[in-house]
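Trainee: Residue numbers (my numbering): 336 to 640.
Cβ coordinates follow ideal geometry from the N, Cα and C atoms, glycine included.
Structure in structure tokens, see below.
Next comes the structure, spelled out in structure tokens:
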């Protein structure tokens with residue numbers, strides 16, 4: 336039984352419980368088991384999956400025995416009930432500070448429609464950004480903001496992204512897909528039924544994955560939303576200097592900051608997105624950050640091997 340197969344089973348709380356039952360009722364793997372010995376605690380799908388994955392193997396007396404009882408018992412012990420389930424990793428990783436940050440994002444979002452919040456945030460930002468806007472053209476201010484937020488976003492996403500959780504979930508879904516295709520090819524309806532149950536269990540992990548992905552976005556939005564609100568206040572409030580009232584955009588030419596460029600999107604948003612995209616690409620390149628979560632050193636070692 337491959338090590339990654341056991342890890343995949345242990346990552347599933349229901350299968351981890353099933354393994355615990357099998358280990359206990361087989362007397363730590365010293366006795367054989369039959370379906371009737373565990374059918375009060377395991378579903379037929381779980382029993383079939385343990386056989387299919389090689390955890391249970393045929394025994395001499397016609398029953399089934401654990402393929403590697405010592406390793407299975409050791410792995411189960413390392414994940415005792417006192418430790419939070421991996422399926423709750425996203426919950427445990429959200430500290431009180433993260434939740435307060437999420438609340439702050441909700442308040443900042445309200446600034447797009449509430450003039451009081453928008454003006455208050457812009458006023459605070461203007462203490463720092465006002466002197467910069469008076470010393471350089473507004474298009475250059477947007478470049479500076481895009482570079483700063485792009486660098487910040489890239490680093491935060493790399494630091495807070497739960498790569499292990501995402502990789503485990505993706506590996507599980509890929510495994511289910513390949514096993515489903517194999518079962519279809521051989522016409523194994525029982526295996527397909529068991530896989531349907533597993534797929535439903537795996538879909539339950541989607542919520543944890545979504546929360547893990549959203550955590551870095553909270554801290555990114557805490558910086559990018561105030562920058563947006565300040566630029567909106569600056570442009571729509573008429574606070575841009577007359578000499579900086581226009582910008583030259585690629586493929587568009589000279590336009591005013593509030594002029595619609597792509598559909599309803601005004602020029603200042605398009606200019607910010609262009610600068611931010613370029614800044615993120617440069618940051619990822621020079622910091623050796625792979626958007627998929629693999630560092631440059633990992634990528635190079637993989638390539639060289």
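Quick check: residue 606 and residue 582, are their CB atoms within less than 7 Å of each other?
Mentor: Stepping through the chain shown from its first residue, residue 606 is reached at position 271. Stepping through the chain shown from its first residue, residue 582 is reached at position 247. Contact: yes.
Trainee: Name the two residues that bound the continuous alpha helix (DSSP H) containing residue 595.
Mentor: Start at 1 with the first residue of the chain shown, and residue 595 comes out as number 260. Counting along the chain, residue 595 falls outside any alpha helix (DSSP H), though it belongs to the beta strand (DSSP E) covering 595 to 597.
Trainee: Which runs of the beta strand (DSSP E) fall wholly inside the region 533 to 617 and span at least 3 residues, in chain order?
Mentor: 581 to 584, 588 to 591 and 595 to 597
Trainee: Does residue 350 pass the burial test, meaning 16 or more other C-beta atoms within 10 Å, or should it be called exposed?
Mentor: Taking the first residue of the chain shown as 1, we reach residue 350 at position 15. Classification of residue 350: buried, given that the 10 Å Cβ count is 16 or more.
Trainee: For residue 528, which residues in the same chain have their Cβ closer than 8 Å to its Cβ, ignoring the five residues on either side in sequence?
Mentor: Counted from its first residue, the chain shown places residue 528 at position 193. Here the set comprises 380.
Trainee: Can you tell me whether residue 475 is helix, strand or coil according to DSSP?
Mentor: Walking along the chain shown from the start, residue 475 turns up at place 140. Assigned with DSSP and collapsed to three states, residue 475 falls in helix.
Trainee: Do you know whose CA, among 615, 469, 406 and 485, lies nearest residue 574's CA?
Mentor: To locate residue 574, count along the chain shown from 1; it is residue 239. Comparing C-alpha distances from residue 574 to each of 615, 469, 406 and 485 shows the shortest one belongs to 469.
Trainee: Would you give the residue range spanned by the beta strand (DSSP E) that residue 392 belongs to?
Mentor: Within the chain shown, numbered from 1, the residue matching residue 392 stands at position 57. Per DSSP, residue 392 belongs to the beta strand (DSSP E) from 391 to 393.
Trainee: May I ask you to report which of helix, strand or coil DSSP gives residue 659?
Mentor: The structure shown does not extend to residue 659, since the chain is modelled only from 336 to 640, so the question has no answer here.
Trainee: Is it buried or exposed, residue 423, if we count other Cβ atoms within 10 angstroms and call 16 or more buried?
Mentor: Translated into positions along the chain shown, residue 423 becomes position 88. Because the pLDDT at residue 423 is just 46, under 50, the model does not fix this residue reliably, and the point stays unresolved.
Trainee: Compute the Euclidean distance between the alpha carbons of residue 316 and residue 368, then round it to the nearest angstrom.
Mentor: Outside the modelled stretch of the chain, which goes from 336 to 640, sits residue 316, for which no answer is possible.
Trainee: Quick check on the DSSP output: the alpha helix (DSSP H) that includes residue 396 runs from which residue to which?
Mentor: Here the question's residue 396 lines up with position 61 in the chain shown. Taken as a continuous stretch (DSSP letters only), residue 396 belongs to no alpha helix (DSSP H), as it is neither H nor E.
Trainee: Which same chain residues end up closer than 7 Å to residue 449 when comparing Cβ atoms and leaving out the 5 residues on each side of it in sequence?
Mentor: On the chain shown, residue 449 is found 114 positions in, with the first residue counted as 1. Nothing listed; no residue qualifies.
Trainee: From the DSSP output, read off the bridge partner residues of residue 443.
Mentor: As a first step, residue 443 is located in the chain shown; it is residue number 108 there, counting from the start. For residue 443, which the question treats as bridged, DSSP gives no partner whatsoever.
Trainee: Taking residue 390 and residue 378 to be in contact with their CB atoms under 8 Å, please state how far apart those CB atoms are, rounded to whole angstroms.
Mentor: As a working mapping, residue 390 is identified with position 55 in the chain shown. As a working mapping, residue 378 is identified with position 43 in the chain shown. With 8 Å as the limit, residue 390 and residue 378 do not qualify as a contact, their Cβ atoms being about 15 Å apart.
Trainee: Helix or strand or just coil, what does DSSP make of residue 427?
Mentor: Residue numbering aside, residue 427 sits at position 92 when the chain shown is read from its first letter. Confidence in residue 427 is poor, its pLDDT being 46 and thus under 50, which makes the residue's placement unreliable; the coordinate value appears in the next sentence. Residue state, collapsed to three classes: helix.
Trainee: Quick one: what's residue 699 bridged to in DSSP?
Mentor: Missing from the structure shown is residue 699; the chain here goes from 336 to 640 and no further.
Trainee: Give the secondary structure of residue 384 by DSSP, where H, G and I count as helix, E and B as strand, and everything else as coil.
Mentor: One-based indexing of the chain shown puts residue 384 at position 49. Here residue 384 sits in helix by DSSP.
Trainee: For the structure I just gave you, are there three or more beta carbon pairs, one from the region 495 to 507 and one from the region 608 to 618, closer than 8 Å?
Mentor: no
Trainee: Let me know if residue 494 comes out buried or exposed under the rule of 16 or more other beta-carbons within 10 Å of its beta-carbon.
Mentor: Residue mapping note: residue 494 aligns to position 159 of the chain shown, counting from 1. Taking every protein chain shown into account, the CB of residue 494 has fewer than 16 other CB atoms within 10 angstroms, so this residue is exposed.
Trainee: What number of angstroms, rounded off, separates the C-alpha of residue 370 from the C-alpha of residue 547?
Mentor: As a position in the chain shown, residue 370 is number 35, starting the count at 1. As a position in the chain shown, residue 547 is number 212, starting the count at 1. Taking the straight line joining both Cα atoms gives about 38 Å.
Trainee: Name, in chain order, the residues that DSSP records as bridge partners for residue 368.
Mentor: Translated into positions along the chain shown, residue 368 becomes position 33. Answer is 399, bridged to residue 368.
Trainee: Quick check: what's the CA-CA separation for residue 602 versus residue 479?
Mentor: Here residue 602 corresponds to residue number 267 of the chain shown, with the count starting at 1. Here residue 479 corresponds to residue number 144 of the chain shown, with the count starting at 1. When rounded, the distance between both Cα atoms is 17 Å.
Trainee: Buried or exposed for residue 492, please, with buried defined as at least 16 other CB atoms from any protein chain shown within 10 angstroms of its CB.
Mentor: What you label residue 492 is simply residue 157 of the chain shown in a count that begins at 1. Its Cβ being crowded by 16 or more others within 10 Å, residue 492 is buried.
Trainee: Measure the beta-carbon distance from residue 356 to residue 407 and round it to whole angstroms, keeping in mind my assumption that it falls under 8 Å.
Mentor: On the chain shown, residue 356 is found 21 positions in, with the first residue counted as 1. On the chain shown, residue 407 is found 72 positions in, with the first residue counted as 1. Contact doesn't hold; Cβ gap of about 12 Å is too wide.
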